[in-house]
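Protein chains in written order, with this note's numbering: chain A, 38 to 153; chain B, 38 to 153. By construction, the Cβ of each residue, glycine as well, lies at the ideal position given by its N, Cα and C atoms. Note that the structure is predicted; figures quoted are calculated from it, not measured.
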DNA sequence: ATGAAAGTTAGCCATACGGCTAACTAATAG
DNA sequence: CTATTAGTTAGCCGTATGGCTAACTTTCAT
């Protein structure tokens, strides 16, 4: 499960719509195809991409292929984003503390100038 | 700012590494290029993609172009993922409540059978 | 047994991508 | 003023993408 593939899979509006639909519960290929004016082989290509990225799993029963969401792959994206936000916010915290320190120093210097 | 472009921008390992670096603070194009064994025009292409997706902003001062992270674009990905998780978890909650109900009914039926 | 349903495969086509090199421009440093 | 630095532009090339159609296979329903 690689971030390249997960982000890549989600970079297409059709595949994101498939993921959103599967959040509501599993669906067959035919059901997934219904909202799209797209040839079935094209829709199948999208499903294959989602499968290879780990976002979707599917299983054939008779002539119907049922697809379901695999939340672990979505979680890898969440984890990566959370890590970036953590780093970003730590940096903002340090910046804020630095600004506070400068403000205190500035107030101290102003008081010293006044007393001369 | 479109999710297509944001997810697409993040689907490449080089661009994710750039984003991670910029979480630590802004950097020049030359600084960003240092960790990569890649021709500068190639690295510039990646930066342009990150800019067009809204993830990065840049500004030229003299001959140096400084790049900085724009967290709003990352936030759109977070928002989208949070929405999917919400739907997914609501579905699991309803499923859990249904299972609980079935278990209660099964216990009730078992008591009725015993009392006959 | 036959027809219909639900995919599946193969290949085409135009566009996009991700690297490269070569040549170039604009800005500093000396 | 000249050399150096920090990008910038243009185009090449192989690969990937995202649609399509046609033909096909497997599985039910009749």
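*Going along the segment 70-98 of chain B in order, which residues come within less than 7 Å of chain A, judged by CB to CB distance?*
none
*Whole angstroms is fine: what's the gap from residue 46(B)'s alpha carbon to residue 100(B)'s?*
26 Å
*Would residue 87(A) be called buried (16 or more neighbouring beta carbons within 10 Å of its own) or exposed?*
buried
*Identify the continuous alpha helix (DSSP H) that holds residue 75(A) and give its terminal residues.*
Where residue 75(A) is concerned, there is no enclosing alpha helix (DSSP H), given that its DSSP letter is neither H nor E.
*Helix, strand or coil: how does DSSP classify residue 143(A) here?*
helix
*Closest Cβ-Cβ distance between residue 40(B) and chain A: below 8 Å?*
yes
*Which whole runs of the alpha helix (DSSP H) in the segment 58-134 of chain B are 4 residues long or more, in chain order?*
66-70, 77-90
*Classify residue 41(A) as helix, strand or coil using the three-state DSSP reduction.*
helix
*Please report how far the alpha carbon of residue 113(B) lies from the alpha carbon of residue 78(A), in whole angstroms.*
31 Å
*asked:* Please report the straight-line C-alpha distance between residue 83(B) and residue 60(B), rounded to a whole angstrom.
replied: 17 Å
*Shortest alpha-carbon distance to residue 104(B) belongs to which of 64(B), 145(B), 98(B), 134(B)?*
64(B)
_For residue 118(A) and residue 56(A), believed in contact at Cβ under 8 Å, the rounded distance_ = At roughly 16 Å, the Cβ-Cβ gap does not stay under 8 Å, so residue 56(A) and residue 118(A) are not in contact.
*For residue 53(B), return the contacting residues in chain A, with the cut-off set at a CB-CB distance below 7 Å.*
40
*Do you know offhand how far residue 92(A)'s Cα is from residue 102(B)'s?*
38 Å
_Where residue 116(A) falls, given that 16 or more other Cβ within 10 Å makes a residue buried_ = exposed
*asked:* Any beta carbon from chain A within less than 8 Å of residue 60(B)'s own beta carbon?
replied: yes
*Closest by CA to residue 98(B), which one among 108(B), 123(B), 124(B), 66(B)?*
66(B)
_Whole-angstrom distance between residue 140(B) and residue 40(A), CA atom to CA atom_ = 40 Å
*Is the beta carbon of residue 42(A) sitting closer than 8 Å to the one on residue 95(A)?*
no
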